[in-house]
Amino acid sequence: MIKNIFKKNSKYSLLTIVIMIILIGYTVSLIYPLLWGFITSFKGTLDYISNPIGLPQKLAFENYMTAYQYFYLTVENGANTEYIYIEEMIMNSLLYSVGGAFFATFTAAITAYATARFKYAFSKVVYWIVIVTMILPIVGNLPSEIQVTKALGLYDSIFGLFVLKANFLGLYYLVFYAMFKAIPKDYEDAAKIDGASNFQIFFRIMLPMAKKIFFTIMLIQFITFWNDYQTPLLYLPTKPTLAVGLFNYSTSTINAISSTPVKLAGALMVFIPIFIVFIFTQKRLMGGMQMGGLKE
Amino acid sequence: MEGNYIDRLKTKFKREKTKNLLFYIVILAFPISQFLVFYVGVNFNSILLAFRGYDIDQGKFYWNGLDNFVKVFNDFQDMALFEIAFKNSIIAFMFGLLFGILFGLLFSYYIYKKLFGHKLFKVVLFIPSIVSSIVMVTIFMQFVESGIPNIIEQIFNIRIMGLLANSDLTFTTILFYNVWIGFGVSTLLYVGAMNSINISIIESAQIDGVNTIQEFRHIIMPLIWPTFTQFVVVSVGAIFMNQLSLYAFYGQGAEVRLYSFGYFLYKEVIVAANVDLPYLATIGIILTFITVPITLVIKWALQKYGPSTE
């Protein structure tokens, strides 16, 4: 077979065949544990011990019920101890992910628009700030960030996290910058002749032109924030998100959720919704993001 | 009459300029304030914190000169933890550079060439990027700790320890995990860079009879060198920020022999009281001072000595 591939198509060589074998190995190494995890999450504990590889003898949906039941955590709110259940965590996750993704994307977009379209010296300064901060590593500024967040009353507030995350630094600014820079000035001039203000030009002409990029970046940010457990763990002590709940669940030593199938059921409960989002949006997500822009 | 017209034009132009400036100021007000507070302010405060102590009785910060630096340098010498964290951070960086970047490039080349199964591989490589690290770690952990030993016992009738439980394999398993999940974004960006190469360059090289290794080495690599440089620079900059996913694996309880600086700083900050913040900020400052020159030198070297596109 390999010989045939070599003969038929010059694109195949020893190098590409080796890469193909490694990629097949990688795919198996990634898909098999995920599949194994999915199948195992439907096994009873005894079924799993006697049959760790095969299909479940009987589908143990109760693993998911147990996971759902124990998917809670306690938080200290002043003198009170509160129980936070999965529904509240989902709400917190949605708020944090949608809001955080929107504000982060919007901030990058407006900054890129202003600096790409208005030729003030300050625009160049902002551009170089982005470049330099991407190269310059700052290690361990978390203690200071927490102090500043607390001082500004943004600690333990989802709105506070929106503000914290709404920065223009990083790759997405450059993506928007390249996009806005490439739009001909004629659009702006024509709108101005028709009496449009700068705000109208931005919101009714420029932003709609960038909506595909805007949506793609917001989607990437949404997934990042949905999966992020470290920021909420640090900044939202009384408003845990689903990712924080899962962290707590996976490290919990409660007996009822200590078995492998029940642990996996909890993990998959969180994984499946985002996997469905991925299936429906994967073309857009992987549509060819480049350092200098997005391919349309 | 004509003078009036010119004056009106001048006024209109001036009004337009003022409107533009006002719009510019309004639209940038929030992003710049956010940057000034959460980047400039936070990092400036980090420097100040490094020169302060905290009086628990009075509940106030006070200046304490270089005390924090002296303490940190003494701890660097006396405490094995820092030596381990330093060593592990460097090993993780080298491991990531060798396997992560190398395989990332090769996988991207394969996808770029649109060879057998490239669409599937592209999706598979991206999956870990969309799955929560806690989900990935939970599945991976259960698989290597419970799944693999059970499977091996059932097939070969041999009992082995879990890969993480076996102390000889724990760190290697964690290094493997971090490379294993890390191909998604890099592959997308490398493929993006490769796709922007002018196809006529590749075609003319193929007419000249270059093989795939020559094509990859002498055409693809030089042309995507800026993207490659950016990746290496970002990796170097993140040497002491890499947590190795240890918090997802162990929470606060990772063994000291597995520590990286990224993990140590995050785990300490999570439980830190005001009194601990200056010490941690000092460690951050020292690590930043170590990382910045290394990053800049490597960036310069990669740009100066990188392959030529001539």
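These protein sequence lines map, in sequence, to chains A and B. One point on numbering: in our numbering, the residue at position 45 of the first sequence is 65, and numbering is uninterrupted. One point on numbering: in our numbering, the residue at position 190 of the second sequence is 195, and numbering is uninterrupted. Positions of the beta carbon are idealized from the N, C-alpha and C atoms, including for glycine. These numbers were taken from a predicted model, which means no experiment stands behind them.
- Chain-ordered, the chain A residues with CB closer than 9 angstroms to the CB of B:G289 read I158, V159, G160, N161, L162, P163 and S164.
- For A:G180, the enclosing alpha helix (DSSP H) starts and ends at I178 to K185.
- By the criterion of at least three beta-carbon pairs nearer than 8 angstroms, the stretch 215-223 of chain A is not in contact with the stretch 139-155 of chain A.
- When C-alpha distances from B:E260 are compared across B:V239, B:N25 and B:I179, the shortest belongs to B:I179.
- Taking 8 angstroms as the CB threshold, B:I202 stays off the interface with chain A.
- Interface with chain B (8 angstroms Cβ-Cβ cutoff): A:W56 is included.
- A:T131 places its beta carbon less than 8 angstroms from that of A:F188.
- Closer than 7 angstroms at the C-beta level to chain B, one finds these residues of the stretch 66-92 of chain A: P72 and I73.
- Burial is judged here by how many other beta carbons sit within 10 angstroms of a residue's own beta carbon; B:V47 has at least 16 and is buried.
- Counting only runs that start and end inside the stretch 236-272 of chain B, the alpha helix (DSSP H) elements of at least 4 residues fall at 251-255.
- For B:D60, the uninterrupted beta strand (DSSP E) segment begins and ends at R57 to D60.
- In this structure, A:Y249 lies away from A:L181, with their beta-carbon atoms at least 8 angstroms apart.
- Considering only A:K283, A:F267, A:T36 and A:F298, the residue with the shortest C-alpha distance to A:I240 is A:F298.
- In terms of CA proximity to A:I106, A:V264 leads the group A:S279, A:I277, A:I274 and A:V264.
- A residue is called buried when at least 16 other Cβ atoms come within 10 angstroms of its Cβ; A:R137 meets this threshold and is buried.
- Look at A:Y84 here: in three-state DSSP terms it is helix.
- About 18 angstroms separates the beta carbon of A:I292 from that of A:Y90, a gap too long to meet the 8 angstroms contact definition.
- Between the alpha carbons of B:A90 and B:V77 lies a gap of roughly 14 angstroms.
- Within a 10 Å sphere around the beta-carbon of B:I288 sit 16 or more other beta-carbons, which makes this residue buried.
- Rounded to whole angstroms, the separation of the alpha carbons of A:I104 and A:Q167 is 26 angstroms.
- Setting aside the 5 residues that flank it on each side, A:G190 has no residue in the same chain whose C-beta is closer than 6 angstroms to its C-beta.
- When secondary structure is reduced to three states using DSSP, A:V159 falls in the coil class, being assigned neither helix nor strand.
- Not one beta carbon of chain A lies nearer than 8 angstroms to the beta carbon of B:F161.
- Nearest C-alpha to B:V142 among B:G311, B:Y255 and B:L107: B:Y255.
- Within chain A, the residues S164 and V168 have their CB atoms less than 9 angstroms from the CB of B:G46, given in chain order.
- Of all alpha-carbon atoms in B:I206, B:I139, B:M146 and B:F233, the one lying nearest the alpha-carbon of B:V190 is that of B:F233.
- Positions of the beta strand (DSSP E) runs, each at least 3 residues long and wholly inside the stretch 30-93 of chain B, are given as 57-60 and 65-68 in order along the chain.
- Nearest CB-CB separation between A:Y140 and chain B: below the 8 angstroms threshold.
- Here B:A286 has S51, L54 and A55 as same chain residues with Cβ atoms under 6 angstroms from its own Cβ, once five neighbours each way along the sequence are excluded.
- Contact of B:K127 with chain A is assigned, a C-beta pair being separated by under 8 angstroms.
- Look at B:M246: its C-beta is under 8 angstroms from a C-beta on chain A.
- What A:P53 touches in chain B, judged by beta-carbon distance under 8 angstroms, is I144, F145, F148 and G152, going in chain order.
- Distance from the CA atom of A:M40 to the CA atom of B:V238, rounded to whole angstroms, is 28 angstroms.
- Boundaries of the beta strand (DSSP E) harbouring A:V95: Y92 to N97, taken from the DSSP string.
- B:G256 belongs to the set of residues whose beta carbon lies under 8 angstroms from a beta carbon in chain A.
- Straight-line spacing of the CA atoms in A:V282 and A:T65 works out to 8 angstroms.
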